[in-house]
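Data first, discussion second: the structure below is written as structure tokens.
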Amino acid sequence: MTSTFTGLAGANRFTLLAGAATLALAIPGAAFAQDVQDETAETPEASNVIIVTASKREQTLQETPISVSVTSGETIERAQIRDVLDLQTVVPSLRVSQLQTSSATTFIIRGFGNGDNNFGIEPSVGVFIDGVFRSRSASALSDLNMVQRVEVLNGPQSTLFGKNASAGVISVVTKEPQHEFGGQVEAVYGNFNTVFLRGEVTGPINDAIAWSLDGSYQKRDGFGRIVNLNNAEINDRNRWSARGQLLIEPSADIKIRLIGDYTKIDEVCCQTSNIVIGPSTSGAVVGVGGQFPSDFFSDDNYLNVVPVNKNENYGFSGQVDWSLGNLSLTSITAYRELKNFFNQDIDFTSADLSAETRDQSVETFTQELRLTSDFDGPLNFLLGGYYFDESIRQDSQLTIGADFREFAAFSAASGGFYNSTPGTPGFNPARSSLLAGSLIPGLTNAQQIAAGESALRQAEAGLGLPLGSIFGGSLLTTERFAVDNTSWSIFGTVDFEPIDGLVFTGGFNYTDDKKDYAIDFNALDPLANINLVDSYITLATGGAVRNRAQFQALPAAQQQGLLALATTSSSNPATGNPFLGLSALQFQTPVPDVPNAVEDGRTRDDKFTYLLRASYEISREVNIYASYATGFKASSINLSRDTRPSIADFRPGPGPRGRGSTFAAPASPITNAGLATANLRDGTRTAAPENAEVFEIGMKAQWEGFGFNLALFDQKIKGFQSFVFTGLGFELLNAGQQSVKGFEFDSTVQPADSLVFTFAATYLDPKFDSFPGSVLGDLSGRRVGGIPAWNLRTSATHTLEIGDNGTKLVTRVDYSHESNVNINNGLPAFNAQRGDTRIFQREVNLVNASMTLGLNNGVEVGVFARNLLDDRYILTVFDGVAQGGTVSGYPSAPRTWGGLVRYRF
Numbered sequence: 069m070t071s072t073f074t075g076l077a078g079a080n081r082f083t084l085l086a087g088a089a090t091l092a093l094a095i096p097g098a099a100f101a102q103d104v105q106d107e108t109a110e111t112p113e114a115s116n117v118i119i120v121t122a123s124k125r126e127q128t129l130q131e132t133p134i135s136v137s138v139t140s141g142e143t144i145e146r147a148q149i150r151d152v153l154d155l156q157t158v159v160p161s162l163r164v165s166q167l168q169t170s171s172a173t174t175f176i177i178r179g180f181g182n183g184d185n186n187f188g189i190e191p192s193v194g195v196f197i198d199g200v201f202r203s204r205s206a207s208a209l210s211d212l213n214m215v216q217r218v219e220v221l222n223g224p225q226s227t228l229f230g231k232n233a234s235a236g237v238i239s240v241v242t243k244e245p246q247h248e249f250g251g252q253v254e255a256v257y258g259n260f261n262t263v264f265l266r267g268e269v270t271g272p273i274n275d276a277i278a279w280s281l282d283g284s285y286q287k288r289d290g291f292g293r294i295v296n297l298n299n300a301e302i303n304d305r306n307r308w309s310a311r312g313q314l315l316i317e318p319s320a321d322i323k324i325r326l327i328g329d330y331t332k333i334d335e336v337c338c339q340t341s342n343i344v345i346g347p348s349t350s351g352a353v354v355g356v357g358g359q360f361p362s363d364f365f366s367d368d369n370y371l372n373v374v375p376v377n378k379n380e381n382y383g384f385s386g387q388v389d390w391s392l393g394n395l396s397l398t399s400i401t402a403y404r405e406l407k408n409f410f411n412q413d414i415d416f417t418s419a420d421l422s423a424e425t426r427d428q429s430v431e432t433f434t435q436e437l438r439l440t441s442d443f444d445g446p447l448n449f450l451l452g453g454y455y456f457d458e459s460i461r462q463d464s465q466l467t468i469g470a471d472f473r474e475f476a477a478f479s480a481a482s483g484g485f486y487n488s489t490p491g492t493p494g495f496n497p498a499r500s501s502l503l504a505g506s507l508i509p510g511l512t513n514a515q516q517i518a519a520g521e522s523a524l525r526q527a528e529a530g531l532g533l534p535l536g537s538i539f540g541g542s543l544l545t546t547e548r549f550a551v552d553n554t555s556w557s558i559f560g561t562v563d564f565e566p567i568d569g570l571v572f573t574g575g576f577n578y579t580d581d582k583k584d585y586a587i588d589f590n591a592l593d594p595l596a597n598i599n600l601v602d603s604y605i606t607l608a609t610g611g612a613v614r615n616r617a618q619f620q621a622l623p624a625a626q627q628q629g630l631l632a633l634a635t636t637s638s639s640n641p642a643t644g645n646p647f648l649g650l651s652a653l654q655f656q657t658p659v660p661d662v663p664n665a666v667e668d669g670r671t672r673d674d675k676f677t678y679l680l681r682a683s684y685e686i687s688r689e690v691n692i693y694a695s696y697a698t699g700f701k702a703s704s705i706n707l708s709r710d711t712r713p714s715i716a717d718f719r720p721g722p723g724p725r726g727r728g729s730t731f732a733a734p735a736s737p738i739t740n741a742g743l744a745t746a747n748l749r750d751g752t753r754t755a756a757p758e759n760a761e762v763f764e765i766g767m768k769a770q771w772e773g774f775g776f777n778l779a780l781f782d783q784k785i786k787g788f789q790s791f792v793f794t795g796l797g798f799e800l801l802n803a804g805q806q807s808v809k810g811f812e813f814d815s816t817v818q819p820a821d822s823l824v825f826t827f828a829a830t831y832l833d834p835k836f837d838s839f840p841g842s843v844l845g846d847l848s849g850r851r852v853g854g855i856p857a858w859n860l861r862t863s864a865t866h867t868l869e870i871g872d873n874g875t876k877l878v879t880r881v882d883y884s885h886e887s888n889v890n891i892n893n894g895l896p897a898f899n900a901q902r903g904d905t906r907i908f909q910r911e912v913n914l915v916n917a918s919m920t921l922g923l924n925n926g927v928e929v930g931v932f933a934r935n936l937l938d939d940r941y942i943l944t945v946f947d948g949v950a951q952g953g954t955v956s957g958y959p960s961a962p963r964t965w966g967g968l969v970r971y972r973f
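Counting the sequence shown from 1 gives a position; our numbering is that position plus 68.
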């Protein structure tokens, strides 16, 4: 039986045997690098040890029976990985995407992940930095400075982390202060005028106290330019961070680590482009004098405002490790604040249509306690408790730009509110579509806008609205959201080793989660507050029917007759409703505030999850394991302007686009309570919890000069929380079940002391086992879009000893590949509404390289390139905002390169 004793927090004698599935290209090859505070190994045997804490105990990677990838601090330095966005180039099971803003980041493990653009959605992948949970991805974007290692745990984690993570965990471990003075400084300059500075220094205060300070600064010109705004830059970098630590060891049995950190981001992000240009873009946008990008990888952007992205993230934590003989007690207390603000042109054209502003704040307090045993007998345990308290506030709004009225008028003329015969005003529902916005033959832009303006004025007169009031204000919506979340959990594991090398593990987690939320939503455009079906009924009855009670009092036959006319589009009021085409201009309609008499604004969840595992050391070189684990993620809340009451609380009456008559709406709690607003439709306020399970078997083998790891898994998440952009808003829905089967393999070959090769591969076969109610229809049985079948990572590192004085030249080349994949399962507007079956695809091939000369006096100079071959690809696609038929997307970053100087002391 192998034993590892590392003192204090990690004191343990477990041989939790067998392996990790994805060993992530550590320094220079993962299985042959010592990843501990002292990285100078005096013996060849010592260099075969990597210490990790994935199991909440300090163990060798060889002993850890969890599918975990490890990236060392040295690999991060050599590969010029500056933040978690770049980690995916060395971890095949991890995907990280940054889309709408600098802080809108999604972490995906084995194809599961969400929560990037909505603070009400808990992430499926949890991010922990020095044991502290970063509850929103926007708070996990600090530079990877002074990092000892990054561990990526694949699959649900509940028995080791008090805060459940249904898809996996990213755990960043930074260096502790040292009792010997030292540190390093680094300066980088590269293309796009990249300037990157970072440094760290550590040393003793006295025999019992050590300190450290570190910081980083990044500034880079934008990859793109906003052509119509004097080529203003977009997709730039402008951020800095600082951290201070104290390590206090008053006795041999107690260790206290205090950390304070601050990160600030002030950037212009993120550039988009068009893949397909629809009629409303080529017609209505051009008609009002707007411009838009047409070459996807030109890095040209057309916006009417320069985006603002500001993020402040700071906090304090204290960790106490107390050795009590055969027991170790660990306490981690943390308080964090996140402030996030952005202002962005959401139509992505130079036309002044609409901009979105969000002002968000998050305050989080966490407390974790763990008791770990280190007995000589066959039984050992870990028992922990976790408390989480979070407060989220968000104020947001959509503006009505100076061109919005003309844009609507252009679309009104061509999209159903104007007769197709030039010069003949009227409403022609036969041409109705979602902002078709194309030019009517025979009309100039000015004539079409004039005709549309006439149609809008005619509609305003018919609906009793002041002339010019539709899109005549300054704000489309204002919203205020608040969430208070408290949860607590008890978790632990028990290991039983009946014979040397054979370990049975059982683990559990019980979580109790409570959320209280409030929603104050205001739709300010007057048209949004008029029900077009009910308005026709009122006019058709000469004003006799003005509310639901009066309508319900009519004879059934008269009700049916009025509804038949009110829900039939016609330019003749005698044969139908001339107002229905205007529904396409009702972008954001009002909803009841929460809490209300029907909706209490609360979610209450609790869940017991567990782990069963057996591991066996076949020999000192080969370990195997098999496990079954379950996971859980609590309910999420749709903190967006598309939040709607559930169908259990409200059922709309007949009418267009799900916004039916309130007069004829069936009985429901919202309607019966008199809370129904004009054009209310059912939807989601919340998404129910996710429940995960995974079957996994694995093998880890390690010999001198060669090692490999293999894991096969079958993972399912019931109720996966799907968050999809529909072209005008976001839908939060639970999939019935999403699953993925696959394997993870990595290997390391070291034919000589100076040369290391690594190769890692992940194969994924994801499927919607059940998703009948998606925004794209029934997706049950279909492959999940956006998850490539193959992810490959490989690297070669060569160390050339120059002379015998310690001078070294280290050369590293790595390659990452994602196989061709459908980016998604379709787009709600482009595909579903147009009946278009075109699906957009992506393939990724990235080559990175670096060469560093290290002198024996501590000076290092080097060069590097990321995306050396300048491979460009589509990150994702989405429906053009209020532009029917347009498909927009985010392009990937171009090649970056530079040189560096580093000094270690």
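Using N, Cα and C, we set each Cβ at its ideal position, and we do this for glycine too.
Of all the options the options, which has the alpha carbon lying nearest to the alpha carbon of residue i?
i    : options                : result
R709 : N590, F827, P318, G290 : N590
P641 : Y604, V659, G649       : Y604
S506 : I692, L743, R178, F478 : F478
I316 : A527, G271, Y971, F260 : G271
N185 : F898, F409, D668, S729 : F409
A208 : A233, S171, L860       : S171
G952 : G188, G723, G346       : G346
Do you know offhand how far residue i's Cα is from residue j's?
i    : j    : result
T900 : D947 : Note that residue 900 is Ala in the sequence shown, not Thr. If I take the Cα positions, the gap works out to 11 Å.
D304 : T139 : 26 Å
A562 : F449 : Looking at the sequence itself, residue 562 is Val, so the reference to Ala does not match. Each residue's alpha carbon lies about 4 Å from the other.
K243 : R906 : 49 Å
R670 : A755 : 12 Å
I517 : N306 : 42 Å
T227 : S459 : 25 Å
N496 : S639 : Reliability fails at N496, whose pLDDT of 39 lies under 50, so the model's placement of it is uncertain and the value that follows must be treated cautiously. Computed Cα separation, rounded: 6 Å.
L437 : L326 : 16 Å
G849 : N802 : 16 Å
F485 : G751 : A caution first: F485 carries a pLDDT of 46, below 50, which makes its placement in the model unreliable, though a value can still be read off. Answer to the nearest angstrom: the Cα atoms are 28 Å apart.
G536 : G726 : 27 Å
A608 : P734 : 21 Å
A596 : G845 : 27 Å
L397 : V240 : 21 Å
L743 : T401 : 44 Å
Residue i: buried (16+ other C-beta within 10 angstroms of its C-beta) or exposed?
i    : result
G283 : buried
R614 : exposed
F973 : exposed
V927 : exposed
N645 : buried
G930 : buried
Between the beta-carbon of residue i and the beta-carbon of residue j, is there less than 9 Å?
i    : j    : result
S863 : V881 : yes
P160 : D814 : yes
Q166 : L153 : yes
G804 : F836 : yes
E761 : T698 : yes
S651 : G723 : yes
What first and last residue would you give for the alpha helix (DSSP H) that runs through residue i?
i    : result
S522 : 513–531
Q148 : That residue, Q148, is in no alpha helix (DSSP H); it is neither H nor E in DSSP.
T563 : The sequence given here places Asp at residue 563; Thr does not occur at that position. Per DSSP, D563 belongs to no alpha helix (DSSP H); it is in the beta strand (DSSP E), 543–567.
Starting from residue i, trace the beta strand (DSSP E) in both directions and tell me its first and last residue.
i    : result
Y285 : 277–288
R616 : Here R616 belongs to no beta strand (DSSP E); instead the alpha helix (DSSP H) covers 616–620.
D463 : 447–467
P737 : Here P737 belongs to no beta strand (DSSP E); instead the alpha helix (DSSP H) covers 737–740.
L162 : 162–166
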